[in-house]
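A.B. asks:
2 protein chains.
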Amino acid sequence: MTRTPRERMVLSAAQLVRIHGVGATGLRDVVAHAEAPRGSLQHYFPGGKDQLIAEAVAWAGDYAARRVARVAAEIEDPTPGKLFAAMAGQWRAEFTTSGFDGGCPLVATVADTAATSDSLREAVGKAFEGWQRPVAATLEQLGVPPARSASLAVLMLSALEGAIVLARAHRDVAPLDTVVEELRPLLDGAVGKRRRRASTVD
Amino acid sequence: MTRTPRERMVLSAAQLVRIHGVGATGLRDVVAHAEAPRGSLQHYFPGGKDQLIAEAVAWAGDYAARRVARVAAEIEDPTPGKLFAAMAGQWRAEFTTSGFDGGCPLVATVADTAATSDSLREAVGKAFEGWQRPVAATLEQLGVPPARSASLAVLMLSALEGAIVLARAHRDVAPLDTVVEELRPLLDGAVGKRRRRASTVD
DNA sequence: GGGCTACCATGACGGACGTCATGAAGGAGG
DNA sequence: CCTCCTTCATGACGTCCGTCATGGTAGCCC
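Here the protein sequences come in this chain order: A and B.
Just remember that the working numbering sits 7 ahead of the position in the first sequence, which is counted from 1.
Just remember that the working numbering sits 7 ahead of the position in the second sequence, which is counted from 1.
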């Protein structure tokens with residue numbers, strides 16, 4: 008709750024980028040949203056806007072990774088399909104309660120800066136990696152063969168990000184529900200036969 | 008080849024949005040890229056930047072829809088999985104030959120303006136619809152039951168858009184290949200049994 | 001030819017942006 | 001007490017933005 012001004016600025020940057028994109032997010036807006044002193048910007052972020060956005064992206068990646076781990080632990084009788092449904096469900100909940108103004112900050116950063124700033128693009132790449140890793144790890148834990156866990160994690164992230172974009176464009180959570188339903192048999196079918204039998208016995 | 012200045016401006020706007028996002032695409036950049044007179048902006052687009060971007064988005068949606076129809080006609084022995092592979096293959100080709108600077112203009116527009124401009128958000132929604140329609144129609148033509156064709160089309164668009172974002176972030180086409188491979192059995196398995204037998208006989 | 005319309009050219013305006021220079025509080029350590 | 005260093009405050013600079021006002025040119029129609 009009581010975060011340092013520096014943390015608040017990184018957090019506010021992530022939230023504003025989610026909504027307005029990188030280009031339309033002004034540093035003055037960030038300090039105002041963070042209720043932080045403007046003079047602290049050049050003190051804490053001597054690298055300027057790029058540094059601030061890069062840290063916001065890194066934070067967003069960590070946050071997504073932590074959320075995966077947490078939601079995976081809360082599922083009862085977990086399966087890959089249920090994991091994906093839970094991940095999409097968090098976005099569904101956000102859209103229905105808070106509206107469709109905020110998207111994924113990683114997508115926004117890629118769209119705005121992939122061609123311009125190599126450092127930001129790399130920051131997003133690392134963030135996606137850090138998000139993909141716990142997803143793949145959870146899949147393996149659920150019985151998905153290690154050879155396929157990474158591929159399925161990429162598929163899950165891709166479908167989720169794309170569905171988020173479609174949902175925002177239509178102001179409707181239906182695309183999220185659709186990809187969850189269509190992907191469920193594929194994901195649950197990827198569980199190794201041996202493990203699947205054992206877990207039903209367990 | 009010889010397009011009217013107005014068309015050139017819409018086209019250039021779409022290309023620049025693809026690369027830099029909406030916010031970072033200046034109207035002066037557009038007229039320079041289009042080699043069009045700056046004074047024509049207020050003449051052809053009295054609605055200002057929003058109108059120009061909206062038309063660029065609409066053009067991009069039409070273009071994507073036309074490309075789906077064309078690529079579907081070129082596949083031999085077509086199946087849903089092959090259709091998706093062909094759609095992703097066009098992006099793969101673009102990335103490998105032209106680099107990762109350009110993404111999907113629809114995604115960029117959603118990320119930058121979904122919270123700010125209702126007219127632009129609706130324009131993107133219509134564009135996605137116009138893109139989804141020929142995909143679903145082609146799926147039905149290939150034997151997918153009408154009840155599922157729309158759902159599968161949404162899944163294909165979502166996975167493709169997400170994979171494009173991941174590919175740009177990593178500067179690597181691997182995510183595109185991954186989603187194609189992982190989705191192939193699901194897509195081909197959605198072909199109705201009756202139609203599938205009939206087509207093998209045909 | 002005169003007038004009307006479509007198209008293009010140019011410059012200015014007000015505002016917002018990221019960045020930097022300068023300097024003030026305020027506690028820590030000598 | 002004085003000094004150092006972290007933290008914050010404020011104002012200015014140069015640049016670019018989208019928009020608009022104004023005016024010029026070219027061609028068609030009466």
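Ideal Cβ placement from N, Cα and C applies to all residues, glycine included.
Computed from a prediction, not measured in an experiment: that's the story for all the values here.
1) Assuming B:SER186 is part of the alpha helix (DSSP H), what are its boundary residues?
2) Name the chain A residues whose beta carbon is nearer than 9 Å to that of B:VAL186?
3) Give the interface partners of A:ALA170 over in chain B, defined as CB-CB distance under 7 Å, in chain order.
4) With 8 Å as the threshold, decide whether the Cβ of A:ILE26 is near any Cβ in chain B.
5) Closer than 8 Å by beta-carbon distance: list the chain B residues that pair up with A:ARG175, in chain order.
6) Using beta carbons (cut-off 8 Å, strictly below), is A:ALA31 in contact with chain B?
7) In chain order, what residues of the same chain lie with their CB nearer than 6 Å to the CB of B:THR207, ignoring the 5 residues before and after it?
8) So does the segment 39-56 of chain A actually touch the segment 52-60 of chain B, counting three or more Cβ pairs closer than 8 Å?
9) Would B:GLY88 pass as a contact of A:GLY169 if the rule is Cβ separation under 8 Å?
10) As a quick exercise: from A:ALA130, A:ASP195 and A:VAL78, pick the residue whose alpha carbon is nearest that of A:ARG155.
11) For the segment 157-165 of chain A against the segment 132-144 of chain B, do three or more pairs of beta-carbon atoms, one drawn from each stretch, fall closer than 8 Å, so that the two count as touching?
12) Which class does A:ILE171 belong to by DSSP, given the choice of helix, strand or coil?
13) Output the distance between the C-alpha atoms of A:ASP179 and A:LYS56, rounded to the nearest integer angstrom.
14) Report whether the distance from the Cβ of A:GLU189 to the nearest heavy atom of the ligand HEM is below 7 Å.
15) Nearest CA to the CA of B:THR185: which residue from B:VAL198, B:LEU167 and B:GLY199?
16) Measure the beta-carbon distance from A:VAL78 to A:ALA100 and round it to whole angstroms, keeping in mind my assumption that it falls under 8 Å.
17) Should B:VAL151 be flagged as near chain A, meaning a C-beta pair shorter than 8 Å?
18) Does DSSP classify A:ASP69 as helix, strand or coil?
19) Leaving out five residues on either side along the sequence, give the residues of the same chain with a beta carbon under 6 Å from the beta carbon of A:PRO12.
20) For a contact meaning CB atoms closer than 8 Å, what does A:VAL114 contact in chain B?
21) Show which residues of chain B have a CB atom less than 7 Å away from the CB atom of A:GLU189.
22) Output, in chain order, the set of chain A residues within a Cβ distance shorter than 7 Å of B:LEU193.
23) So that I know if they touch, is there some Cβ in chain B lying closer than 8 Å to that of A:PRO182?
24) Please compile the residues from chain A whose C-beta is within a distance smaller than 8 Å of the C-beta of B:PHE52.
25) Taking C-beta to C-beta, are A:GLY68 and A:PHE135 nearer than 8 Å?
26) Shorter than 8 Å from the beta carbon of A:ASP57 to some beta carbon of chain B?
27) Alpha carbon to alpha carbon, what distance is there between A:ALA197 and A:VAL151?
28) Is the shortest distance between the beta-carbon of A:GLY110 and the beta-carbons of chain B less than 8 Å?
29) Within 10 angstroms of the Cβ of B:ASP119, are there 16 or more other Cβ atoms? Answer buried if so, exposed if not.
30) When we look at the beta-carbon of B:GLY132 and count the other beta-carbons within 10 Å, is it buried (16 or more) or exposed?
31) For the alpha helix (DSSP H) that contains A:LEU23, what are its first and last residues?
32) In or out: A:ALA122 buried (at least 16 other Cβ within 10 Å) or exposed?
33) Tell me whether the beta-carbon of B:ALA31 lies closer than 8 Å to the beta-carbon of B:PHE107.
34) Give the secondary structure of B:ASP103 by DSSP, where H, G and I count as helix, E and B as strand, and everything else as coil.
35) Counting only C-beta atoms, is A:VAL142 closer than 8 Å to chain B at any point?
36) From the beta carbon of A:VAL131, is the nearest beta carbon of chain B less than 8 Å away?
C.D. replies: According to the structure shown:
1) As a working note, residue 186 of chain B is residue 179 in the second sequence. Correcting the residue type first, residue 186 of chain B is Val in the shown sequence and not Ser. Residues 181-195.
2) As a position in the second sequence, residue 186 of chain B is number 179, starting the count at 1. Residues of chain A with a Cβ closer than 9 Å to the Cβ of B:VAL186 are, in chain order, SER158, VAL161, LEU162, SER165 and ALA166.
3) On the first sequence, residue 170 of chain A is found 163 positions in, with the first residue counted as 1. The answer, in chain order, is SER165.
4) By one-based count along the first sequence, residue 26 of chain A stands at place 19. Taking Cβ atoms only, chain B reaches closer than 8 Å to A:ILE26, which makes this a yes.
5) Here residue 175 of chain A corresponds to residue number 168 of the first sequence, with the count starting at 1. Going along chain B in sequence order, the residues near A:ARG175 (Cβ under 8 Å) are VAL117, ALA121 and ARG128.
6) If you number the first sequence from 1, residue 31 of chain A lands on position 24. For A:ALA31, the nearest beta carbon of chain B is closer than 8 Å to its own beta carbon.
7) Mapped onto the second sequence, residue 207 of chain B falls at position 200. Annotation note: pLDDT 48 at B:THR207 (below 50); position unreliable, no value reported.
8) Touching, no.
9) As a working mapping, residue 88 of chain B is identified with position 81 in the second sequence. As a working mapping, residue 169 of chain A is identified with position 162 in the first sequence. No, these two residues do not count as a Cβ contact at 8 Å.
10) Your numbering for residue 155 of chain A matches position 148 in the first sequence. For the residues A:ALA130, A:ASP195 and A:VAL78, the minimum Cα distance to A:ARG155 belongs to A:ASP195.
11) They do not touch, by the three-pair rule.
12) Against the first sequence, residue 171 of chain A aligns to sequence position 164. A:ILE171 falls in the helix class under three-state DSSP.
13) Taking the first residue of the first sequence as position 1, residue 179 of chain A is located at position 172. Taking the first residue of the first sequence as position 1, residue 56 of chain A is located at position 49. Taking the straight line from one Cα to the other gives about 33 Å.
14) Looking at this structure, you won't find the ligand HEM or any other ligand, since it has none at all.
15) Counting from one through the second sequence, the residue named residue 185 of chain B turns up at place 178. Each of B:VAL198, B:LEU167 and B:GLY199 was checked against the Cα of B:THR185, and the nearest Cα belongs to B:LEU167.
16) Against the first sequence, residue 78 of chain A aligns to sequence position 71. Against the first sequence, residue 100 of chain A aligns to sequence position 93. In this structure A:VAL78 does not touch A:ALA100 by the C-beta definition: roughly 11 Å separates them, more than the 8 Å allowed.
17) Counted from its first residue, the second sequence places residue 151 of chain B at position 144. With a threshold of 8 Å between beta carbons, B:VAL151 makes no contact with chain A.
18) Residue mapping note: residue 69 of chain A aligns to position 62 of the first sequence, counting from 1. Helix.
19) By 1-based counting over the first sequence, the position of residue 12 of chain A is 5. Excluding sequence positions up to five before and after A:PRO12, its CB lies within less than 6 Å of the CB of ALA43 and SER47, all in the same chain and listed in chain order.
20) On the first sequence, residue 114 of chain A is found 107 positions in, with the first residue counted as 1. Within 8 Å Cβ-Cβ: VAL114, ALA118 and VAL172.
21) Translated into positions along the first sequence, residue 189 of chain A becomes position 182. For the C-beta of A:GLU189, the chain B residues within less than 7 Å are, from N- to C-terminus, SER158, LEU159 and LEU162.
22) As a position in the second sequence, residue 193 of chain B is number 186, starting the count at 1. Within 7 Å Cβ-Cβ: LEU193.
23) Sequence index remark: in the first sequence, residue 182 of chain A carries index 175 (1-based). For A:PRO182, the answer is yes, since a Cβ of chain B falls inside 8 Å of its Cβ.
24) The residue given as residue 52 of chain B occupies position 45 in the second sequence. Result: empty, since nearest Cβ-Cβ is about 20 Å, beyond 8 Å.
25) Along the first sequence, one-based indexing puts residue 68 of chain A at 61. Along the first sequence, one-based indexing puts residue 135 of chain A at 128. Closer than 8 Å, so yes.
26) The residue labelled residue 57 of chain A in the question sits at position 50 within the first sequence. At least 8 Å separates the CB of A:ASP57 from every CB of chain B.
27) As a working mapping, residue 151 of chain A is identified with position 144 in the first sequence. As a working mapping, residue 197 of chain A is identified with position 190 in the first sequence. For A:VAL151 and A:ALA197, the distance between alpha carbons rounds to 6 Å.
28) Numbered from 1 along the first sequence, position 103 holds the residue referred to as residue 110 of chain A. Interface residue, yes.
29) Working through the second sequence from its first residue, we reach residue 119 of chain B at position 112. Answer is buried; the Cβ neighbour count reaches 16.
30) In the second sequence, counting from the first residue as 1, residue 132 of chain B sits at position 125. Counting the other CB atoms within 10 Å of its CB gives B:GLY132 a total of 16 or more, which places it among the buried residues.
31) Looking up residue 23 of chain A in the first sequence gives position 16. Looking at the DSSP string, the run of the alpha helix (DSSP H) that includes A:LEU23 is 12-27.
32) Here residue 122 of chain A refers to the residue found at position 115 of the first sequence. So A:ALA122 counts as buried.
33) To locate residue 31 of chain B, count along the second sequence from 1; it is residue 24. To locate residue 107 of chain B, count along the second sequence from 1; it is residue 100. It is not a contact, given that the beta carbons lie outside the stated cut-off.
34) Your numbering for residue 103 of chain B matches position 96 in the second sequence. The amino acid at residue 103 of chain B is misidentified as Asp; the sequence shows Thr. For B:THR103, the secondary structure class from DSSP, reduced to helix, strand or coil, is helix.
35) For the purposes of this step, residue 142 of chain A is identified with residue 135 of the first sequence, where counting begins at 1. No, its Cβ sits nowhere closer than 8 Å to a Cβ of chain B.
36) Within the first sequence, residue 131 of chain A is the residue found at index 124, counting from 1. Using beta-carbon distances, A:VAL131 counts as an interface residue toward chain B, with a partner under 8 Å.
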